[in-house]
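Notes follow the structure.
Protein chains: 2
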Amino acid sequence: MTADAPFAFDGLDRVIHEKARLSILTSLISHADGLSFNELKSLCALTDGNLSRHVAVLQEAGLVAVTKGFEGNRPHTTCALTPAGRQKFMDYLNELERVLKNAAGAPSASPSTVPGSLKPA
Amino acid sequence: MTADAPFAFDGLDRVIHEKARLSILTSLISHADGLSFNELKSLCALTDGNLSRHVAVLQEAGLVAVTKGFEGNRPHTTCALTPAGRQKFMDYLNELERVLKNAAGAPSASPSTVPGSLKPA
Chain W
4 MTADAPFAFD
14 GLDRVIHEKA
24 RLSILTSLIS
34 HADGLSFNEL
44 KSLCALTDGN
54 LSRHVAVLQE
64 AGLVAVTKGF
74 EGNRPHTTCA
84 LTPAGRQKFM
94 DYLNELERVL
104 KNAAGAPSAS
114 PSTVPGSLKP
124 A
Chain X
4 MTADAPFAFD
14 GLDRVIHEKA
24 RLSILTSLIS
34 HADGLSFNEL
44 KSLCALTDGN
54 LSRHVAVLQE
64 AGLVAVTKGF
74 EGNRPHTTCA
84 LTPAGRQKFM
94 DYLNELERVL
104 KNAAGAPSAS
114 PSTVPGSLKP
124 A
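Quick mapping for you: the protein sequence lines, in order, are chains W and X.
Numbering-wise, the first sequence is residues 4 to 124 according to our numbering.
Numbering-wise, the second sequence is residues 4 to 124 according to our numbering.
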């Protein structure tokens, strides 16, 4: 945020702000042990192709770690937020909170005024 | 939102969710009489070209009305939210509120639980 452009919302990182990726990150933030591809697919209503594409973008940006393993004989891929990903997503959520406050006509929130429930667990 | 895909965030209308358009709409919602192109440019830190392009998308979608007039001899273009635009933006903000609540691990809010400060003025 700059004083000159209070509505520019520079903190809305485009990697995170995209709707499908926002779904994925919101799903992952409440699951510290990660989620399987199948769980993410159904939580976010994404197709295999879309989920893979968006997870690749998040992985490339260092926000999400992907672990390929097996469950019995079947391949089992899980995704989890990285520590950096968690921090960047929290920063993004703080900026989103500022969008809501600005839209409601309230003064801008500084990060320290954001409710504790949005701090990393 | 569907029960099966709680994190799909279907209410995040892509026309509104794009970062520059979100800036423009947030600027306009607190200015019922509208804003000039120059005011929007500086509030949102957008170039002439980007502002024109994004305002055209919002106008096309019926969210924003553009009025071309003169101030003295100089052309003076103003933008304002349409009533439908105001309603759709409020719906979007309610969904954004749900993203924040979900990310914080709180139960989903129904529109009726959203603070009154986000209702149209």
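Yeah, the Cβ is synthetic: ideal placement off N, Cα and C, and Gly gets one too.
Legend entry - Top-ranked residue by Cα proximity to P9/X, from K91/W, L43/W and E21/W: L43/W
Legend entry - For A11/X and H1/W, the rounded distance between their alpha carbons: This structure cannot settle anything about residue 1/W, because the visible part of chain W is limited to 4 through 124.
Inset, instruction - Answer yes or no: do L28/X and F73/X have a C-beta to C-beta separation smaller than 7 Å? - result: no
Legend entry - Spatially closest choice to A87/X from Q62/X, N97/X, C47/X and K71/X, by CA coordinates: Q62/X
Inset, instruction - Please list the residues of the segment 26-40 of chain X that have a C-beta atom closer than 7 Å to any C-beta atom in chain W, keeping them in chain order. - result: S26, T29, S30, I32 and S33
Legend entry - Boundaries of the alpha helix (DSSP H) in which H20/X is found, first to last residue: R17 to H20
Legend entry - Proximity below 7 Å, CB of H57/W to CB of A23/W: yes
Inset, instruction - Starting from F73/X, find everything on chain W with Cβ-Cβ shorter than 8 Å and list it in chain order. - result: The contacting residues do not exist; F73/X stays about 26 Å from chain W at best.
Legend entry - CB contact below 7 Å: K22/X versus chain W: yes
Legend entry - Opening and closing residue of the beta strand (DSSP E) in which H79/X lies: R77 to L84
Inset, instruction - Can you pull the chain C residues whose beta carbon is under 7 Å from the beta carbon of S45/W, in chain order? - result: Although the question refers to chain C, the structure presented lacks it and instead comprises the protein chains W and X.
Legend entry - First and last residue of the uninterrupted beta strand (DSSP E) at A35/X: Note, A35/X: premise wrong, no beta strand (DSSP E); not H, not E.
Legend entry - C-beta neighbour in chain W for A48/X, strict 7 Å: yes
Inset, instruction - With DSSP collapsed to three states, give me the class of T29/W. - result: helix
Legend entry - Short CB-CB distance (under 7 Å) between G108/X and chain W: yes
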